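Using the working numbering, you'd call the opening residue of the sequence shown number 1 and step up by one each time.
Reading through the C-alpha coordinates given below for one structure.
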Amino acid sequence: MSYLPCVGCGWCCLTDQCMDSMRYHGYQRRCPDLHWDKNQQRYTCLAMLDPNRADEMCFNQHTGKGCCAPLNPWRHDVKNRD
(Lines of atoms letter the chains of each structure in order from A and count residues from 1; the text may use other names and numbers.)
(Lines give C-alpha, C1' and ligand atoms only; values in the text may rest on other atoms or scores of the structure.)
Protein backbone atom coordinates (compact mmCIF):
# COMPACT_ATOMS: atom_id res chain seq x y z
CA MET A 1 0.00 0.00 0.00
CA SER A 2 1.32 3.38 1.01
CA TYR A 3 4.25 4.43 3.14
CA LEU A 4 1.99 7.03 4.79
CA PRO A 5 0.34 5.88 8.04
CA CYS A 6 -3.40 6.01 8.57
CA VAL A 7 -4.39 9.30 10.21
CA GLY A 8 -7.98 8.28 10.99
CA CYS A 9 -9.57 10.80 8.62
CA GLY A 10 -12.45 8.40 7.86
CA TRP A 11 -12.28 8.79 4.08
CA CYS A 12 -12.07 5.09 3.23
CA CYS A 13 -14.86 4.05 5.61
CA LEU A 14 -17.21 6.96 4.91
CA THR A 15 -16.93 6.71 1.12
CA ASP A 16 -17.11 2.91 0.78
CA GLN A 17 -18.31 0.37 3.33
CA CYS A 18 -15.79 -2.48 3.56
CA MET A 19 -16.74 -6.09 2.81
CA ASP A 20 -16.26 -7.10 6.45
CA SER A 21 -18.79 -4.48 7.52
CA MET A 22 -21.24 -5.61 4.82
CA ARG A 23 -20.95 -9.23 5.93
CA TYR A 24 -21.48 -8.31 9.57
CA HIS A 25 -24.09 -5.53 9.29
CA GLY A 26 -25.47 -5.85 5.76
CA TYR A 27 -25.39 -2.86 3.45
CA GLN A 28 -25.48 0.41 5.41
CA ARG A 29 -25.22 3.99 4.22
CA ARG A 30 -22.60 4.45 6.95
CA CYS A 31 -20.74 1.72 8.79
CA PRO A 32 -22.02 1.43 12.38
CA ASP A 33 -18.52 0.43 13.54
CA LEU A 34 -16.97 3.74 12.48
CA HIS A 35 -16.54 5.89 15.57
CA TRP A 36 -15.25 9.45 16.01
CA ASP A 37 -12.90 9.46 19.00
CA LYS A 38 -13.12 12.91 20.59
CA ASN A 39 -9.99 12.41 22.69
CA GLN A 40 -7.80 11.29 19.79
CA GLN A 41 -9.52 13.58 17.25
CA ARG A 42 -9.72 10.77 14.67
CA TYR A 43 -11.98 7.99 13.47
CA THR A 44 -11.49 4.47 14.78
CA CYS A 45 -13.04 1.18 13.74
CA LEU A 46 -14.81 -0.48 16.65
CA ALA A 47 -14.66 -3.84 14.85
CA MET A 48 -10.87 -3.66 14.93
CA LEU A 49 -11.04 -3.14 18.69
CA ASP A 50 -13.51 -6.01 19.27
CA PRO A 51 -11.57 -9.05 20.58
CA ASN A 52 -13.93 -11.39 18.69
CA ARG A 53 -13.42 -9.71 15.31
CA ALA A 54 -10.13 -7.80 15.55
CA ASP A 55 -7.75 -10.39 14.08
CA GLU A 56 -9.84 -11.06 10.99
CA MET A 57 -10.73 -7.39 10.51
CA CYS A 58 -7.16 -6.14 10.83
CA PHE A 59 -5.91 -8.81 8.43
CA ASN A 60 -8.60 -8.14 5.82
CA GLN A 61 -8.24 -4.36 6.03
CA HIS A 62 -4.41 -4.45 5.97
CA THR A 63 -4.18 -2.58 9.26
CA GLY A 64 -0.72 -1.15 9.79
CA LYS A 65 0.17 -1.29 6.08
CA GLY A 66 -0.42 2.40 5.38
CA CYS A 67 -3.09 4.66 3.95
CA CYS A 68 -5.15 3.24 1.06
CA ALA A 69 -5.67 6.75 -0.39
CA PRO A 70 -2.53 8.80 0.35
CA LEU A 71 -3.53 11.62 -2.02
CA ASN A 72 -7.00 12.21 -0.57
CA PRO A 73 -7.35 15.75 0.87
CA TRP A 74 -9.06 14.55 4.07
CA ARG A 75 -5.65 13.39 5.35
CA HIS A 76 -4.80 17.06 5.97
CA ASP A 77 -8.23 17.94 7.40
CA VAL A 78 -9.07 15.27 9.99
CA LYS A 79 -12.40 16.17 11.60
CA ASN A 80 -15.73 14.70 12.59
CA ARG A 81 -17.78 14.44 9.40
CA ASP A 82 -21.00 13.18 10.98
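Ideal placement from N, C-alpha and C gives every residue a C-beta, glycine not left out.
Quick caveat: nothing in here was measured; it's all calculated off a predicted structure.
Next item on the list: Please name the residue in Q41, D37, K38, C45 whose C-alpha comes closest to that of C31.
Entry: C45
Notebook entry, point to check: Count the other CB atoms within 10 Å of the CB of M57; is the residue buried (16 or more) or exposed (fewer)?
Noted result: buried
Notebook entry, point to check: What are the start and end residues of the alpha helix (DSSP H) that includes R23?
Noted result: 19–25
Next item on the list: Assign L34 to buried or exposed, taking buried as 16 or more other Cβ atoms, counted over all protein chains shown, within 10 Å of its Cβ.
Entry: buried
Next item on the list: Rank M22, L49, G10, Y3 by C-alpha distance to the C-alpha of Y43 and give the top, closest one.
Entry: G10
Note to self: What residue range does the alpha helix (DSSP H) around L34 cover?
What the structure shows: Segment 34–37 is the beta strand (DSSP E) holding L34; no alpha helix (DSSP H) there.
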